[in-house]
Amino acid sequence: MMQNDSPVNTPLAGRIANLSNVSMCLGSFAKAINRESHLPGLLVMHGPSGYGKTTAATSASMMFDAYYVQCRSSWTRKAFYLALLKVMNIDPARTIYAMEEQIVAQLALSRLPVIIDEADHLTDRGIIECVRDIYEGSGAAILLIGEEKLPGALARWERIHNRVLEWLPAQPATLADARALADLYCRSVRVADDLLELIHTASKGVARRICVNLERVQETGRTMGHPQMGLAEWGDTPLYTGDAPSRRR
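According to full-length UniProt numbering, the sequence shown is numbered sequentially starting from 1.
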């Protein structure tokens with residue numbers, strides 16, 4: 001069994017709110033890292049853009065000292081390996097095969113996990129099998145993060161699909177999450193509960209939109225000289241919903 005005694009419930013380092021999706025990610029990643037040897041070690045976190053998946057990945061990377069890479073649409077297998085070796089601070093070998101051996105050896109030696117963000121790009125380009133090669137060779141816990149269609153895309157590769165320990169569907173931000181974000185980012189202006197509820201509803205649970213609205217509220221509060229902003233102070237000012245404004249006539 002792999003051991004990593006990093007605590008899951010301690011406050012997160014840096015300016016990252018401990019949201020519900022973050023807690024889910026950290027808890028499941030700890031299970032994968034500390035799993036028994038007969039259990040699979042892949043995790044898949046999936047969901048719509050703006051739900052805080054990358055924030056969860058950043059938190060997990062800091063908490064467990066994981067190797068983190070964010071894939072790009074143009075990446076080939078070689079580019080993926082080069083990115084991993086870069087975060088490992090290893091000079092790449094000349095051939096793709098040798099690069100893979102370097103990665104496997106480093107993971108087996110360090111016993112550190114891997115986080116692969118935007119993993120959809122690996123499935124889109126048909127090179128996701130390289131993740132299985134790394135996993136099989138090293139036994140490292142690997143967290144794949146992507147959009148809603150990632151589980152369906154992975155189903156095309158049965159040998160990867162069968163090695164998933166847990167599927168982690170990212171959930172819309174809760175009102176408690178919105179309060180955590182407000183407490184973290186609105187340092188100079190207090191956001192009252194009634195306005196926060198409106199922000200949460202208008203943002204449709206999308207954490208990124210909540211952050212945009214909180215910043216707008218804070219800027220308005222500073223400009224107006226209000227230490228606290230509620231519905232009375234905000235008035236009928238529109239909130240950001242993510243919808244493009246209609247054309248003026």
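Every residue, glycine too, gets a C-beta built ideally from N, C-alpha and C.
None of these values were measured; they are calculated from a predicted model.
Query, Result
"Beta carbon of Ile115 nearer than 7 Å to that of Ala66", "yes"
"Asp120 classed as buried or exposed, judged by whether at least 16 other C-beta atoms fall within 10 angstroms", "buried"
"Helix, strand or coil at Arg190 according to DSSP, with G and I counted as helix", "strand"
"Where the alpha helix (DSSP H) containing Glu136 begins and where it ends", "129–138"
"Three-pair Cβ contact test at 8 Å for the region 137–153 versus the region 35–47", "yes"
"Element boundaries [alpha helix (DSSP H), containing Asp243]", "Asp243 -> no alpha helix (DSSP H), and no H or E assigned at all."
"C-beta neighbour in chain C for Gln70, strict 7 Å", "In the displayed structure, chain C is absent; only one protein chain is listed."
"Contact under 7 Å by Cβ, Ala83 with Pro113", "no"
"Span separating the alpha-carbon of Ala13 from that of Leu214", "Caution applies to Ala13, whose pLDDT of 47 falls short of 50 and renders its modelled position unreliable; the value that the coordinates give is listed next. The alpha-carbon atoms of Ala13 and Leu214 are separated by roughly 21 Å."
"Anticipated Cβ contact below 8 Å, Gly230 with Leu181, distance rounded", "With a Cβ gap of about 17 Å, Gly230 and Leu181 do not count as contacting."
"For Thr76, the nearest candidate out of Val131, Lys53, Asp91, Thr54 (CA to CA)", "Val131"
"Nearest candidate by alpha-carbon position, reference Arg159, set Glu129, Ala57, Pro92", "Glu129"
"Every unbroken alpha helix (DSSP H) within the region 144–226, with a cutoff of 4 residues, ordered by chain", "150–154, 158–161, 175–185, 193–203, 207–224"
"Where the beta strand (DSSP E) through Met88 begins and ends", "No beta strand (DSSP E) contains Met88, which DSSP labels as neither H nor E."
"CA nearest to the CA of Ser23, picked from Arg156, Gln228, Ala98, Thr54", "Thr54"
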